[in-house]
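If you count the sequence shown from 1, you need to add 1148 to reach my numbering. Note that the Cβ used here is the ideal one computed from N, Cα and C, for glycine as well. Everything numeric in this text was worked out from a predicted model, so none of it was measured.
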Amino acid sequence: MPGTGTWPTSCPEPPPSSAVQPLLWAASSFGNPRVATVLLAGVVLLAGGYAFLNGFHDASNSVATSVRTRALTPSVAIVLASFFNLLGALVSTALAVVLTVRFVDLPAGPEGLGILMAGLLAACGWGVWTWWRRMPSSSTHALVGGLVGSGAASTLVGGRNIAESYRLIWEQIALPLLLSPVIAFALAYLLVFPATWLMRYSSPRRGDAGNRIAQSVFTSAFSLGHGIQDGQRTMAVVVLALLAAGQTGDTGIPLWVQLFAALALAGGTLFGGWRITHTLGYRLVRMDPLRGMSAQAVSSAMLFLGALWLHIPLSSTQTMTSAIVGAGTNQRFSTVRLIPLREILVTWLVTAPVTAVLGGIFLLALSPLL
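Right under this line is the structure:
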């Protein structure tokens, strides 16, 4: 320039808008801001996909028994399930906060984001495969397995050891998930006795009508509990990603995260497929309205108890399926079909190991970016 003898090396850039400034600030703390931004955005999008797939996959848990016993028509059952899933994800964030606080020691930066992304990829892939195979499986088990596998793979490639998180995963997540099917089976089996006694003076037609009304109520209650349980897991994953990215230092749940998870879960439920509903309602067991009501009452109560009082995650798939089998077993001529039951149990047993392997593979594939 005249009079100076030098030329400016660059022109001043306009400041980023307030909407994107926190994201850019968080990304700038990493080695490559562009890669960090992509990782953070990818985790958030995958969390939304996980919630949508969760609703799509688990809609059958909410509606299978009520549709099978003709307590509700399929369209009404799906709309009810979607609405109460949305409501459940909005009414409480207590479980999400607890899960976030327990696992707040996730590695910061790209390493932590990579662990979350690989775990979500594994869980989503397993969810699609089990839906295609018409198998009810736990999305929570899949996510836990994926995160364990990706965390272990991260350690192998030089990442920070998160052994403390593994202990918490076992004590606070895996153990309740393993015990809940046994408890649901036993409670549903036992509940048939007092339910039958209360109906002893009712005609079959009047008794079935009353139980169908109760089933309609419990379908809504189960969907509400499902929203409270599964919606908050998605919130916890998103907040962990924000913490790892340095975008927030608070373990509270932002409103946009709550709305994001709730809408994704409800949308997935609204478009829920009927492949797994056919397995639960028709292939696995034949049941009357009384036993359908018993199964839904037990599984609904367990979801509420786990989320609002004990603050532990429970699988809606495993509690409902086990309750259906428990109630269906308690009749004069058991109608539980062993071949579908065996297929379901095998699917449950291999969910965590398979997703752990997938999570490790995805993490290794992402490792050049971390």
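- Selection from T1495, G1507, R1353 that minimises the alpha carbon distance to W1277: T1495
- Separation of G1257 from L1489, as counted between CA atoms: 43 angstroms
- Message: So G1420 and F1200 are supposed to be a Cβ contact under 8 angstroms. How far apart are they, rounded?
- Response: That belief does not hold up - the Cβ atoms of G1420 and F1200 are roughly 10 angstroms apart, past 8 angstroms.
- Give the straight-line distance between the Cα atoms of T1288 and Y1349, rounded to the nearest whole angstrom. 42 angstroms
- For S1448, does the count of other Cβ atoms within 10 angstroms reach 16, so buried, or fall short, so exposed? buried
- Message: Using a Cβ distance threshold of 8 angstroms, determine whether the region 1385–1394 contacts the region 1191–1198, with at least three qualifying pairs required.
- Response: yes
- Sorted by chain position, which residues of the same chain lie with C-beta nearer than 6 angstroms to A1343's C-beta, five sequence neighbours on each side aside? L1438, S1442
- Can N1209 and S1364 be called in contact, C-beta distance under 7 angstroms? no
- Helix, strand or coil: which one does DSSP assign to G1257? coil
- Query: Quick one, are the C-beta atoms of N1478 and V1340 less than 7 angstroms apart?
  - Reply: yes
- Message: Check for me: the alpha helix (DSSP H) holding R1423 runs from which residue to which?
- Response: 1423–1426
- Message: Taking a contact to mean a Cβ-Cβ separation below 7 angstroms, would you say V1305 touches S1515 in this structure?
- Response: yes
- Item | Neighbourhood of I1460 by C-beta, 6 angstroms cutoff - its chain only, sequence neighbours within 5 removed | P1324, G1454
- Would you mind reading off the limits of the alpha helix (DSSP H) that contains I1472? 1464–1477
- Task: Label P1284 either buried or exposed according to how many other C-beta atoms from any shown protein chain fall within 10 Å of its C-beta, with 16 as the threshold for buried.
- Result: buried
- Item | Neighbour-count burial assignment, W1279, 16 or more Cβ in a 10 Å radius | buried
- Item | For Q1363, the first and last residue of its enclosing alpha helix (DSSP H) | 1352–1393
- Task: Can you tell me which of R1282, M1265, G1275 puts its alpha carbon nearest to the alpha carbon of V1296?
- Result: M1265
- Message: Quick check on the burial criterion: 16 or more other C-beta atoms within 10 angstroms. Buried or exposed for G1400?
- Response: exposed
- Three-state class that DSSP yields for D1436 in the structure shown: coil
- Kindly indicate which residue of V1245, L1220, L1462, I1424 has the alpha-carbon position closest to the one of L1391. V1245
- Where does T1495 sit, in a helix, a strand or coil, going by DSSP? helix
- Message: On a Cα-Cα basis, can you pick out the residue from S1230, R1182, A1290 that is closest to V1505?
- Response: A1290
- Mind checking which residues open and close the alpha helix (DSSP H) that includes F1408? 1403–1418
- Task: Could you tell me which of G1507, L1497, A1369, D1436 sits nearest to F1481, measuring between CA atoms?
- Result: D1436
- Cβ-based neighbour list, A1301, same chain, cut-off 6 angstroms, excluding 5 preceding and 5 following: G1508, L1511, L1512
- Closest to T1367 by CA distance: which of Y1430, L1269, L1451 is it? L1451
- With a cut-off of 8 angstroms on the beta carbons, I'd call G1293 and T1469 a contact; round off their distance for me. No, G1293 and T1469 are not in contact; Cβ-Cβ is about 18 angstroms, not under 8 angstroms.
- What did DSSP end up calling A1349 once you bin it into helix, strand or coil? Residue 1349 is actually Tyr in this sequence, not Ala. If DSSP states are grouped into helix, strand and coil, Y1349 belongs with coil.
- Message: Restricting to Cα atoms, I'd like to know which of G1260, T1427, G1375, A1475 is closest to I1492.
- Response: T1427
- Buried or exposed: which applies to W1457, given that a residue is buried once 16 or more other Cβ atoms fall within 10 Å of its Cβ? exposed
- Report the residue from L1338, L1418, F1370 whose alpha carbon sits nearest the alpha carbon of I1226. L1418
- Find out if the Cβ-Cβ distance for the pair Q1444, F1370 is shorter than 7 angstroms. yes
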